[in-house]
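Student: Numbering (our numbering), first residue to last: 1173 to 1383.
(1) Leaving out the 5 sequence neighbours to the left and right, which residues in its chain are closer than 8 Å to residue 1317 when beta-carbon positions are compared?
(2) I'd like to know whether the C-beta atoms of residue 1279 and residue 1256 end up nearer to each other than 8 Å.
(3) Please state the DSSP three-state secondary structure of residue 1339.
(4) Measuring alpha carbon to alpha carbon, tell me which of 1271, 1260, 1221 ends up nearest residue 1346.
(5) Over what stretch of residues does the alpha helix (DSSP H) that includes residue 1268 continue unbroken?
(6) Given a cut-off of 8 Å on the beta-carbon distance, is the pair residue 1312 and residue 1288 in contact?
(7) With distances taken from CA atoms, which of 1275, 1252, 1248, 1260 is nearest residue 1233?
(8) With H, G and I counted as helix, E and B as strand and the rest as coil, what does DSSP make of residue 1293?
(9) Excluding five sequence neighbours on each side, which residues of the same chain lie with their C-beta closer than 6 Å to the C-beta of residue 1214?
(10) Apart from the five residues on each side of it in sequence, which residues of its chain come closer than 7 Å, Cβ to Cβ, to residue 1321?
(11) How would you write the range of the alpha helix (DSSP H) that residue 1312 sits in, first residue to last?
Shown next, in the form of structure tokens:
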């Protein structure tokens, strides 16, 4: 196998509660992550050495500020593999809360592992992905998962979801790091945790918006 073509899916949060700010600067959260069909596309090809990157957008560079490149670097350091060319066809807009960059990074981790037959265990992929960003671990498995911690503590929620999500994406970029930095906590630490997982029951979402 010299190349692999992958879909890099987006996500939405079914409820998001910011619990508290941590000493490392991150925030503990409580949420349900739901993977969506809306996706980018990534083509990975073996190369002789290093990482080269191309895309249909001009705001992603070939350095470790690019999460795709960062994902490759972490695998290359750990597994001593030759090289890769990453071609990203971007559809998911940045700053939209849909996890596009995190999904791309997870996709590169999984794709490179497949390309080079690395046989990395799930728990090891989670450890590596957590070094890249808080949402990246979710995209290793995708589907529907209950998220806590900074989003890296995950519990899979088994259900089949046939619902349709309507995405309305205005041309506004919301930087996640800056948003959390400006977050003002207005409830005390003893607040009761919302059980967002109860929104999912008998394979259907029970949203009662209008009651």
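For each residue, glycine too, the CB sits at the ideal point set by N, CA and C.
If you're wondering where the values come from, they're calculated on a predicted model, not measured in any experiment.
Tutor: The relevant details are as follows:
(1) Around residue 1317: 1204, 1205, 1310, 1326, 1327, 1328, 1329.
(2) The answer is no: Cβ separation not under 8 Å.
(3) Of the three classes helix, strand and coil, the one that applies to residue 1339 here is coil, per DSSP.
(4) When only C-alpha atoms are compared, the closest one is 1271.
(5) Careful: residue 1268 lies outside any alpha helix (DSSP H) and carries neither H nor E.
(6) In this structure, residue 1288 does not lie closer than 8 Å to residue 1312 by Cβ.
(7) The shortest Cα separation from residue 1233 among 1275, 1252, 1248, 1260 belongs to 1260.
(8) In this structure, residue 1293 counts as coil in the three-state DSSP scheme.
(9) Correct list, in chain order: 1178, 1180, 1260, 1279.
(10) 1200, listed in sequence order.
(11) Where residue 1312 is concerned, the enclosing alpha helix (DSSP H) stretches over 1308-1313.
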